[in-house]
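Colleague:
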Amino acid sequence: MLATDDRNAIRACKILKLEFITAIAVLIRAFEKNLIDRDEVVVKLQKLKSVGRYSRTIIEDAVKRIKEA
34 MLATDDRNAI RACKILKLEF ITAIAVLIRA FEKNLIDRDE VVVKLQKLKS VGRYSRTIIE
94 DAVKRIKEA
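So, in structure tokens, the structure goes:
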């Protein structure tokens, strides 16, 4: 499995049928496995928005998913 947020790497993984995971997915899975608490996930997602390549909509959807869990 490859961990990446790079659009071209993700496209290559899809073409080559390789498993990949993004930073957002890592945070959500860590929360689901009780490795990180809700507040910390939300803070980290907001940080990704400011330093990462994710749009506001993608981050908001992830935050909503965490808050509804």
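As numbered in our numbering, residues 34 to 102 make up the sequence shown, in order.
Glycine residues also receive a C-beta, built at the ideal position from the N, C-alpha and C atoms.
All figures in this text were calculated on a predicted structure; none of them were measured in a lab.
1) Please list, in chain order, all residues of the same chain as residue 98 whose beta carbon is under 8 Å from its beta carbon, the five residues on each side excluded.
2) With 16 as the cutoff for other CB atoms within 10 Å, does residue 15 come out buried or exposed?
3) Among the candidates 50, 100, 79, whose CA atom is the shortest distance from the CA of residue 56?
4) By a C-beta neighbour count over all protein chains shown, 10 Å radius and 16 as the cutoff for buried, is residue 92 buried or exposed?
5) For residue 65, report the span of its alpha helix (DSSP H) as first-last.
Modeller: In short:
1) 61
2) No information on residue 15 is available, as it lies outside the stretch 34 to 102 that the chain covers here.
3) 79
4) buried
5) 56-65
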